[in-house]
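Visitor: The structure under discussion is supplied below as structure tokens; questions concerning it will follow.
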Amino acid sequence: MRKTTVNTIANQKGSTGKTTTAYNLAYALYNEGKKILLIDLDPQGNLTMYFGIEQPDKLPYSMFNIKNAMMTDEPLPSPEGCIHSQGNIDLIPSNTWLTQYQCFGSTQLLRSL
Numbered sequence: 461m462r463k464t465t466v467n468t469i470a471n472q473k474g475s476t477g478k479t480t481t482a483y484n485l486a487y488a489l490y491n492e493g494k495k496i497l498l499i500d501l502d503p504q505g506n507l508t509m510y511f512g513i514e515q516p517d518k519l520p521y522s523m524f525n526i527k528n529a530m531m532t533d534e535p536l537p538s539p540e541g542c543i544h545s546q547g548n549i550d551l552i553p554s555n556t557w558l559t560q561y562q563c564f565g566s567t568q569l570l571r572s573l
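According to the numbering used here, the sequence shown holds residues 461 to 573 in order.
And the structure:
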């Protein structure tokens, strides 16, 4: 069984290249035959839009739904509804609804995933 590796690209300052780095790193790892899951935790959803999802606020499920379920102890949405795929690269998209949960830190969320 292969070991799972988690890479996190984070910085509180804006315009530091986090989205571009995540996107390019994902494709570099994809080219090495790795399976990739990108999780967009930014309410602006730029990584989601890089993935070709032009209207993330209209998605039936996103990272907002996962956070909401975690905060309210409801069942998590099914992966089939949340994950969008391009080959071996999967994405759990973001949208502006995530701004409602700014007080629940992204670090706490990643630890619980």
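C-beta: ideal position from N, C-alpha, C; glycine also.
If you drop the 5 nearest sequence neighbours on each side, which residues of the same chain put their C-beta closer than 8 Å to that of Leu485?
Guide: Counting from 1 along the sequence shown, the entry for residue 485 is found at position 25. Around Leu485: Asn467 and Ile469.
Visitor: Identify every residue that forms a DSSP beta bridge with Ile574.
Guide: Past the boundaries of the shown model lies residue 574; the chain is included only from 461 to 573, so the question cannot be answered.
Visitor: How should Ser475 be labelled, buried or exposed, when 16 other C-beta atoms within 10 angstroms of its C-beta is the threshold for buried?
Guide: The residue labelled residue 475 in the question sits at position 15 within the sequence shown. Per the 10 Å Cβ criterion, exposed.
Visitor: Quick check: the stretch 528-537 against the stretch 495-509, are at least 3 beta-carbon pairs closer than 8 Å?
Guide: Judged by Cβ distances under 8 Å, the stretch 495-509 makes no contact with the stretch 528-537, as fewer than three pairs qualify.
Visitor: May I have the straight-line CA-CA distance separating Pro410 from Lys473, to the nearest angstrom?
Guide: Here the chain has residues from 461 to 573 only, and residue 410 is not among them.
Visitor: Quick check: what's the CA-CA separation for Lys518 versus Phe524?
Guide: As a position in the sequence shown, residue 518 is number 58, starting the count at 1. As a position in the sequence shown, residue 524 is number 64, starting the count at 1. C-alpha separation (whole angstroms): 12 Å.
Visitor: Since Gly547 and Tyr510 are thought to touch, with beta carbons under 8 Å apart, how far apart are those beta carbons, to the nearest angstrom?
Guide: As a working mapping, residue 547 is identified with position 87 in the sequence shown. As a working mapping, residue 510 is identified with position 50 in the sequence shown. Between Tyr510 and Gly547 the Cβ distance is about 15 Å, and since that is not below 8 Å, they are no contact.
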